[in-house]
Amino acid sequence: MLCVAFGHEVSNIRFGSANLPEKYCLCGLPILREDGSYTRIGHIVSCFLSGHRYSAAGIRDGHREYVCELCGHPLLFDQRRSEYARHEVFRKKVRYRCNLFGHRAHEVTRRDGLVEYACQCGHSFLRAPQRNTLLKHPLVCLGAGHFIKFVTRRGRYAEFCCRNCGHTFCFVSIEANRRA
Numbered sequence: 234m235l236c237v238a239f240g241h242e243v244s245n246i247r248f249g250s251a252n253l254p255e256k257y258c259l260c261g262l263p264i265l266r267e268d269g270s271y272t273r274i275g276h277i278v279s280c281f282l283s284g285h286r287y288s289a290a291g292i293r294d295g296h297r298e299y300v301c302e303l304c305g306h307p308l309l310f311d312q313r314r315s316e317y318a319r320h321e322v323f324r325k326k327v328r329y330r331c332n333l334f335g336h337r338a339h340e341v342t343r344r345d346g347l348v349e350y351a352c353q354c355g356h357s358f359l360r361a362p363q364r365n366t367l368l369k370h371p372l373v374c375l376g377a378g379h380f381i382k383f384v385t386r387r388g389r390y391a392e393f394c395c396r397n398c399g400h401t402f403c404f405v406s407i408e409a410n411r412r413a
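The numbering of the sequence shown is the numbering used here, which starts it at 234 and goes up by one.
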């Protein structure tokens with residue numbers, strides 16, 4: 234019943250240790266399929282209030298990428314300017330100012346038919362080209378969670394993108410589970 238109200242629960246910790254061919258929510262339903270279907274995911278309140286624990290996921294396009302070990306929230310930092318880009322693992326709270334007033338984003342690269350943007354806070358988006366790069370989360374994402382579908386596989390992660398705001402998420406991929 235909680236999934237109907239708030240969206241399915243995701244956990245990179247659970248996905249990484251499950252070693253299953255599909256990902257399942259605690260409600261028992263399969264989620265995060267790579268067939269073009271959407272999965273509605275809820276917000277992980279502990280990450281939002283207490284902060285995320287990020288691990289390095291790779292370097293690309295002059296940026297260092299990190300993924301939250303629990304909720305799959307990625308961060309993308311310019312290697313030349315960010316203090317975080319020097320770390321392998323760190324904790325970071327949500328930058329509430331950006332969430333309320335918008336992310337002042339810059340273009341990172343063009344891929345998968347979209348433009349990838351990143352804010353100085355690390356928040357990244359995949360969207361159609363934007364004239365205004367002050368990117369905001371619509372209220373539907375705040376209230377109903379994110380409606381995400383598979384975009385691509387990168388390294389040990391499968392990347393998903395929200396259809397409403399362009400927010401990306403990275404979850405441990407099935408192939409990574411099989412190699413472990």
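Each residue gets a CB set at the ideal place from its N, CA and C atoms; glycine is no exception.
Each of Asp294, Cys280, Glu302, Val237 was checked against the Cα of Arg389, and the nearest Cα belongs to Glu302.
For the pair of segments examined, the segment 264 to 274 was found to touch the segment 374 to 382: the number of CB pairs separated by less than 8 Å reaches three. Excluding its 5 nearest sequence neighbours in each direction, Gly249 has C-beta neighbours in its own chain below 6 Å: Val405, listed in chain order.
Per DSSP, reduced to three states, the secondary structure at Tyr271 is coil, with no helix or strand assignment.
DSSP lists Tyr390 as the beta-bridge partner residues of Val405.
Note on the segment 234 to 296: whole alpha helix (DSSP H) runs with a minimum of 4 residues are 235 to 239, 245 to 251, 278 to 283, in chain order. One Cα belongs to Gln353, the other to Leu308, and the distance between them is close to 10 Å.
Look at Cys352 here: in three-state DSSP terms it is strand.
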